[in-house]
């Protein structure tokens, strides 16, 4: 967003197909898909889900501009508030307001959901293709043996999509992108950004208990 003096100009990619998959809850990551389907269907999404899908769309996995996600949220959220929504998108995507939440970590589209709702009932409700998938596989159905998939009535790649990206691979790719961008910013004058005053403030915003942060976040070392 070049017109916004506090928003860093990050070279996001344009990928209409992946954006469509994200919007429609067809990414192949059950927790992300459940969140997006709830948003589109009901016009609301818990703060935990909003953080997860925002990170996934931007610096976590798809590397698509936060502005695209912001437009989707403004279209469907019944509690949409322009400045609050835009500000949260800029912060989660590392485009602005960042001080503590740095790029070495991103939300895992798998373990983040497991922590908050390990039974998988949330996924079963909003992703009915997986309603009969055993709990041990419901967050990662691609690991279910073929006979288990058949018994559950959900063949991955047929009844439910394959993942549209390799999360571990893209986390590493995006880490390098962020490192390169940060290096570039060191050579120019960047407007100061207000940010959370300490790590506790960040954890509260992201609903991340201190003892669990290592389990919920994907390290990018």
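Residue numbers (full-length UniProt numbering): 1 to 221. In this text, a Cβ means the ideal position worked out from N, Cα and C, and glycines have one as well.
Excluding the 5 residues flanking it on each side, residue 155 has same chain C-beta neighbours closer than 7 Å at 149, in chain order.
In this structure residue 108 is not in contact with residue 120, their Cβ atoms being roughly 16 Å apart against a cut-off of 8 Å.
Linking residue 10 to residue 67 through their CA atoms gives a straight-line distance of about 11 Å. In this structure, DSSP gives residue 13 an extended state, which the three-state scheme calls strand. For residue 180, the enclosing alpha helix (DSSP H) starts and ends at 167 to 185. Proximity to residue 131 across 65, 45, 152 and 85 peaks at 152, based on C-alpha coordinates. According to DSSP, residue 160 shares a beta bridge with 156. Here the stretch 50 to 63 makes contact with the stretch 168 to 184; the two share three or more CB pairs at distances below 8 Å. Membership of residue 75 in the alpha helix (DSSP H) is indicated by the continuous run 66 to 76. Pairing residue 69 with residue 89 gives a Cβ-Cβ distance under 8 Å. Residue 14 and residue 58 have their alpha carbons spaced roughly 11 Å apart. Of the residues 27, 84, 110 and 73, the one whose Cα lies closest to the Cα of residue 41 is 73.
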